[in-house]
Amino acid sequence: MYPHSPSPPLDISRLPLSPDGLSLSFGSSTTAINSSSPLPTYHDCLSSSPERSRHHIVKSSFSQDADRYSSHFPSDHQLDLDFVRTFQLEDELGAGGYGFVMTARHRWEGYEVAVKFIIKDKVPDYAWVQDDRYGRLPTEVFLLDYMDHDNIAKGLDLFQDPLYFYLVQELHGSPWPKATRTKRAKSSVISTPSLTPSVSADSFNSEPAPSPPIASPYHQLTSYLPDPLKMWKKNPQPTLQYSRRPSHDLFECIEQSEHKRLSEEQARYIFAQVVDAVHYLDSHGISHRDIKDENIAIDKDLRVKLIDFGSAIAVDPTQPRPYYTFFYGTTAYAAAEILLKKPYQAAPAEVWTLGVLLSYLLHGMSPFPTVKDAIKGRIVLDEYPKLSRLAWDLLRKCLDPNPKTRATIQEVKEHRWLNQ
1 MYPHSPSPPL DISRLPLSPD GLSLSFGSST TAINSSSPLP TYHDCLSSSP
51 ERSRHHIVKS SFSQDADRYS SHFPSDHQLD LDFVRTFQLE DELGAGGYGF
101 VMTARHRWEG YEVAVKFIIK DKVPDYAWVQ DDRYGRLPTE VFLLDYMDHD
151 NIAKGLDLFQ DPLYFYLVQE LHGSPWPKAT RTKRAKSSVI STPSLTPSVS
201 ADSFNSEPAP SPPIASPYHQ LTSYLPDPLK MWKKNPQPTL QYSRRPSHDL
251 FECIEQSEHK RLSEEQARYI FAQVVDAVHY LDSHGISHRD IKDENIAIDK
301 DLRVKLIDFG SAIAVDPTQP RPYYTFFYGT TAYAAAEILL KKPYQAAPAE
351 VWTLGVLLSY LLHGMSPFPT VKDAIKGRIV LDEYPKLSRL AWDLLRKCLD
401 PNPKTRATIQ EVKEHRWLNQ
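Structure follows, in structure tokens:
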């Protein structure tokens with residue numbers, strides 16, 4: 001049971017996606033769950049395709065030694081054999097509290113994917129769902145398969161070993177050269193962790209928060225990586241030299257623009273796609289809970305996809321939305337009610353994050369220089385560039401400090417600025 005919700009969490013494996021049931025499509029086949037038919041096993045789902053099956057009869061010539069591909073893996077860890085027969089690991093994309101992400105290439109079809117290695121022991125209690133077919137799995141794994149929207153990254157395949165889930169996802173976006181984050185850091189006193197969700201609103205305290213118990217719904221921000229010196233074997237194999245690939249995210253896209261911000265037309269085009277994705281999520285009772293520029297992949301044509309659903313939650317969209325008492329996102333995007341440490345609903349808090357995102361798109365900085373400004377909803381931005389009246393109106397409605405009068409996602413989607 002989700003520990004900080006007044007109602008039981010929804011088993012999203014039973015959410016009605018279509019009249020025929022929920023369609024799960026990890027692997028090369030798609031199987032619809034029908035209450036009148038027997039449920040396939042995990043092994044059935046992962047081995048049902050002709051391509052996968054023919055690789056079961058071929059003796060593997062690929063190395064399963066994980067630490068040859070990345071130093072993130074513990075020494076002597078062995079990768080899943082089906083995975084290494086199917087994908088060739090390439091570059092690192094990033095790392096965070098629950099694991100790390102690498103690119104990989106399909107060995108016989110040649111396309112690239114992103115592979116998120118989720119450390120099983122690091123997934124907090126609230127972030128699991130129980131499924132009849134797969135057993136206990138991270139919510140993120142379910143959601144990436146359940147969702148179907150052009151602006152949300154899709155889950156393509158799933159593997160696992162005793163330590164990790166391997167979540168294979170579509171790789172979207174153009175590589176943007178890494179930019180310095182110094183300029184942005186000066187725009188707000190609110191820290192913005194790049195990959196790890198914030199612990200809670202207590203992050204703003206000057207004194208460190210006490211370590212939570214193991215069963216806590218939030219995680220510690222200490223490194224999960226083992227000491228590389230202790231990992232080194234007496235007779236190690238040569239480690240393959242994989243580079244860190246330039247980011248594909250919106251943050252780097254903005255940083256590469258001439259004035260560290262986008263034009264109003266560019267911002268509108270990008271923002272409309274994100275709003276459409278969030279509207280879709282909300283209609284299915286899903287909240288991302290960590291929307292920010294670094295969790296939006298973007299290509300050279302400014303087409304975007306929402307990524308990283310590690311903090312997401314799903315509830316029954318037909319029931320009243322629950323309140324939460326812990327914060328799972330990024331502090332610079334935290335809504336006023338969260339900063340005040342009040343119980344909050346995910347949907348209004350999600351609209352607030354959209355307002356902060358819009359500020360970054362239009363001005364390249366946070367709308368709030370201080371926490372006190374954020375609590376009061378006092379937007380402080382440079383006079384240049386001058387925003388249109390409608391852009392300002394949308395920004396203020398998203399950043400209303402009162403969640404009861406703040407714009408809903410439906411109202412944001414219908415706003416005149418997005419429909420010019």
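Residue numbering for the sequence shown follows full-length UniProt numbering, starting at 1 and increasing by one per position.
All C-beta atoms in this analysis are idealised placements derived from N, C-alpha and C, irrespective of residue type, glycine included.
Exercise for review: Determine the DSSP secondary structure at H43, reduced to helix, strand or coil.
Suggested key: Caution is warranted here: a pLDDT of 37 is assigned to H43, below 50, making its placement in the model unreliable, and the coordinate value is therefore given only provisionally. DSSP places H43 in the helix class (H, G or I) of the three-state scheme.
Point to revise | L158 - containing alpha helix (DSSP H), residue span | key: Segment 155-160 is the beta strand (DSSP E) holding L158; no alpha helix (DSSP H) there.
Point to revise | Beta-carbon separation (whole angstroms), F327 vs A336, contact threshold 8 Å | key: Not quite, the Cβ-Cβ distance comes to about 12 Å (not below 8 Å), so this is no contact.
Practice item. Look at the alpha carbon of L137 and the alpha carbon of L387, and state the distance between them as a whole number of angstroms. Key: Going by the C-alpha atoms only, they are around 45 Å apart.
**Study point:** Segment limits, beta strand (DSSP E) that includes W392
**Key:** Element bounds for W392: not the beta strand (DSSP E) but the alpha helix (DSSP H), 389-398.
Review point. Expressed to the nearest angstrom, what Euclidean distance is found between the alpha-carbon atoms of R358 and L395?
Key: The residue you asked about is not Arg; residue 358 is Leu in the sequence shown. Note on geometry: alpha-carbon atoms of L358 and L395 lie some 7 Å from one another.
Check your understanding: In terms of residue numbering, what span does the alpha helix (DSSP H) encompassing V168 cover?
Key -> Boundaries for V168: no alpha helix (DSSP H) harbours it, while the beta strand (DSSP E) harbouring it runs 164-170, taken from the DSSP string.
Review point. DSSP three-state call for V315: helix, strand or coil?
Key: If DSSP states are grouped into helix, strand and coil, V315 belongs with coil.
**Study point:** Secondary structure of A335, DSSP reduced to three states
**Key:** Assignment of A335 by DSSP, reduced to helix, strand and coil, places it in the coil class.
Review point. Is G355 helix, strand or coil when you go by DSSP?
Key: In this structure, DSSP gives G355 a helical state, which the three-state scheme calls helix.
Review point. How would you call V380, buried or exposed, if buried means at least 16 neighbouring beta carbons within 10 angstroms?
Key: Around the beta carbon of V380, a 10 Å sphere encloses fewer than 16 other beta carbons of the protein chains shown; the residue is thus reported as exposed.
Check your understanding: Looking at S287 and I313, is the spacing between their C-beta atoms short of 8 Å?
Key -> Yes, they are a contact pair.
Check your understanding: Going straight from the alpha carbon of R289 to that of T408, what length do you get?
Key -> Each residue's Cα considered, the two are about 15 Å apart.
**Study point:** Extent of the continuous alpha helix (DSSP H) to which I254 belongs
**Key:** 250-256 is the span of the alpha helix (DSSP H), which, as asked, contains I254.
**Study point:** CA-to-CA distance, S257 to residue 441, given in whole angstroms
**Key:** Beyond the ends of the chain as shown, which are 1 and 420, falls residue 441; an answer cannot be given.
Point to revise | Outcome for K305 when other beta-carbon atoms lying within 10 angstroms are tallied against a minimum of 16 | key: Buried is the call here.
Check your understanding: Would you call the stretch 99-116 and the stretch 159-171 in contact, with 3 or more CB pairs under 8 Å?
Key -> Yes, the stretch 99-116 is in contact with the stretch 159-171.
Review point. Are the Cβ atoms of K260 and G364 separated by less than 8 Å?
Key: Going by C-beta atoms, K260 is nearer than 8 Å to G364.
Practice item. Work out the CA separation of D249 and S174 for me, nearest whole Å. Key: For S174 and D249, the distance between alpha carbons rounds to 8 Å.
Review point. Just how far apart, CA to CA, sit Y126 and P401?
Key: One alpha carbon belongs to Y126, the other to P401, and they sit about 28 Å apart.
Practice item. Tell me I135's beta-bridge partners as DSSP assigns them. Key: Residue identity differs from the one stated: residue 135 is Gly in this sequence, not Ile. The partner list for G135 (beta bridge, DSSP) reads D131.
**Study point:** Per-residue DSSP class, three states only, for R406
**Key:** The answer is coil: DSSP assigns R406 none of H, G, I, E or B.
Check your understanding: In terms of residues, what are the limits of the beta strand (DSSP E) holding L89?
Key -> Residues 87-95.
Exercise for review: Using three-state DSSP, classify L143 as helix, strand or coil.
Suggested key: In this structure, L143 counts as helix in the three-state DSSP scheme.
Check your understanding: Given a threshold of 16 other Cβ atoms within 10 Å of its Cβ, counted over all protein chains shown, does D148 qualify as buried or as exposed?
Key -> Counting the other Cβ atoms within 10 Å of the Cβ of D148 gives fewer than 16, which makes it exposed.
Check your understanding: What does DSSP give as the partner residues of F117 in its beta bridges?
Key -> According to DSSP, which records beta bridges pairwise, F117 is partnered with F100, Y166.
Point to revise | Spatially closest choice to L399 from K154, N419, S366, Y384, by CA coordinates | key: Selected option, being the one with the closest Cα: S366.
Review point. Can you find a C-beta in chain C that's less than 8 Å from the C-beta of D299?
Key: Protein chain content of the structure displayed is limited to a single chain, and chain C is not contained in it.
Review point. Which of helix, strand or coil does DSSP assign to S287?
Key: Strand, per DSSP.
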